[in-house]
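See below for the structure under consideration.
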Amino acid sequence: MKYRKFGKSGFEVSALGFGCMRFPKDSETGEVQEAEAIRMLRRAIDEGVNYVDTAYMYHGGESERIVGRALKDGYRDKVKLATKMPVPKVQEYADFDRLCNEQLEKLDDTHIDYYLLHGLNKDKWDRVRDLGVLDWAREAVNDGRIGALGFSFHGPYEGFEHIICDYDGWALAQIQYNYMNENVQAGTKGLELAASRDIPVVVMEPLLGGNLVDPPPAIQKLWDNAPVKRSAAEWALLWLWHKPEVSVVLSGMSSMSQVEENLAIADRSGVDILSNEELEIIAQVRDVYEQLRPIPCTGCRYCMPCPYGVDIPRNLRMYNTGYIYNKMPQQRGVYQRMKEGTRAEDCVQCRACEEFCPQEIQISEWMPCVHAELSKTGAF
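Using this note's numbering, read the sequence shown as starting at 172 and increasing by one per residue.
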């Protein structure tokens with residue numbers, strides 16, 4: 172296993188971290204195959220993985236319990252354990268203690284090395300900050316329940332910059348990042364901002380939720396013509412490890428074969444490992460993926476806010492993602508879970524957004540198409 176600097180903490184973190192959101196499930200019951208999940212996690216730790224990431228919400232609240240059992244028999248001493256506070260469940264100051272203590276009980280542990288505020292954006296951060304989360308965190312560090320405070324992020328870059336600069340004690344920042352997301356959410360700007368402040372960056376969604384693993388023919392042709400033969404997953408992971416600002420890459424592995432493959436790739440990782448020619452191939456892959464988008468939306472959000480509450484960029488992104496990566500059934504599931512009033516079906520074709528779209532997208536014409544596709548039943 173290769174190891175990397177974790178900010179200024181002195182901790183040398185494994186290049187590969189184990190994300191505990193996608194444990195294997197029974198195909199009939201949908202329940203986690205706990206014995207296999209524990210076997211996978213312990214196998215990774217035996218091979219040098221020393222960073223384990225879970226959260227209150229994962230697997231319907233069961234991930235922390237399974238992780239706690241997996242880290243028995245001496246495995247807890249071999250890793251740094253990270254979990255996340257469910258920020259939407261915090262309504263008052265007392266909830267900080269209540270939730271953290273509940274998580275410690277589920278983990279069957281007395282200490283969490285890295286405690287993250289889960290899924291922050293600007294508004295969520297401002298709310299828990301004003302409720303006193305920093306005072307609470309200092310108390311929790313002092314009494315030994317947590318080692319340090321970090322956060323995971325989902326939102327526009329401006330929110331990430333606000334959070335990073337609003338508090339100088341962050342132990343880490345966890346961001347969605349991959350070669351398709353350089354300008355999405357925190358993006359490369361966020362990665363470099365955090366690194367410039369010696370804040371370790373933990374990368375999630377390195378394979379874009381698995382979308383980069385099974386490429387369409389036009390993409391596979393580019394990989395096949397590369398001078399070095401690698402799987403699509405290896406190209407994506409090495410692109411991340413090539414960057415010195417990346418501290419650890421989390422993989423949500425759901426089979427032992429994925430564990431073994433990722434361990435092998437991590438052993439071949441390193442900073443500046445890719446040549447300029449190889450980086451250019453990845454750039455070409457990105458360009459071809461972008462050309463596959465049926466709607467030329469860049470996610471700039473100039474169309475927002477919609478006067479009727481529709482989340483325009485998210486609807487367009489889901490439609491594009493379904494087509495680009497041949498993942499429309501999954502996107503239909505996400506669409507059905509969207510908040511009432513924010514879906515494409517709620518567009519009234521007022522065209523107010525189109526005045527501000529730099530790409531001159533006929534949004535009002537696309538929205539019925541988006542709804543028709545994403546609302547199809549029998550998707551799974």
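Quick reminder that beta carbons are idealized off the backbone N, C-alpha and C, glycines included.
Identity of the residues DSSP links to residue i by a beta bridge
i, result
"residue 417", "372"
"residue 427", "According to DSSP, residue 427 bridges with nothing at all."
"residue 283", "317"
"residue 324", "291, 346"
Residue closest to residue i, alpha-carbon to alpha-carbon, out of the options
i, options, result
"residue 229", "507, 206, 253", "253"
"residue 324", "374, 398, 177", "374"
"residue 172", "424, 498, 430", "430"
"residue 182", "221, 446, 206, 210", "221"
"residue 351", "366, 367, 381, 334", "381"
"residue 424", "265, 386, 188", "188"
"residue 247", "217, 535, 541", "217"
"residue 363", "379, 345, 378", "345"
"residue 493", "517, 451, 522, 542", "542"
"residue 326", "439, 525, 485", "485"
"residue 426", "184, 197, 366", "197"
"residue 232", "275, 264, 212", "275"
"residue 258", "239, 321, 310", "321"
"residue 141", "316, 506, 273, 498", "Here the chain comprises residues numbered 172 to 551, so residue 141 is not present and cannot be evaluated."
Backbone secondary structure at residue i - three-state DSSP
i, result
"residue 192", "coil"
"residue 318", "strand"
"residue 183", "strand"
"residue 466", "coil"
"residue 175", "strand"
"residue 551", "Any reading at residue 551 must be qualified, since the residue scores a pLDDT of 41, below 50, and its modelled position is unreliable; the value itself is stated next. Residue state, collapsed to three classes: coil."
"residue 289", "strand"
"residue 256", "strand"
"residue 519", "coil"
"residue 268", "helix"
"residue 402", "coil"
"residue 344", "strand"
"residue 460", "helix"
"residue 223", "strand"
"residue 277", "helix"
is_contact[residue i, chain B] using C-beta, thresh 8 Å
i, result
"residue 475", "Protein chain content of the structure displayed is limited to a single chain, and chain B is not contained in it."
Contact belief for residue i with residue j at Cβ below 8 Å, rounded distance in angstroms
i, j, result
"residue 371", "residue 177", "5 Å"
"residue 420", "residue 434", "Contact doesn't hold; Cβ gap of about 12 Å is too wide."
Burial state of residue i (16 or more Cβ within 10 Å)
i, result
"residue 512", "exposed"
"residue 482", "buried"
"residue 551", "In this prediction, residue 551 has a pLDDT of 41, which is less than 50 and means its spatial position is unreliable; what the coordinates show is noted afterwards. Label assigned to residue 551: exposed."
"residue 215", "buried"
"residue 267", "buried"
"residue 479", "exposed"
"residue 519", "exposed"
"residue 377", "buried"
"residue 201", "exposed"
"residue 404", "buried"
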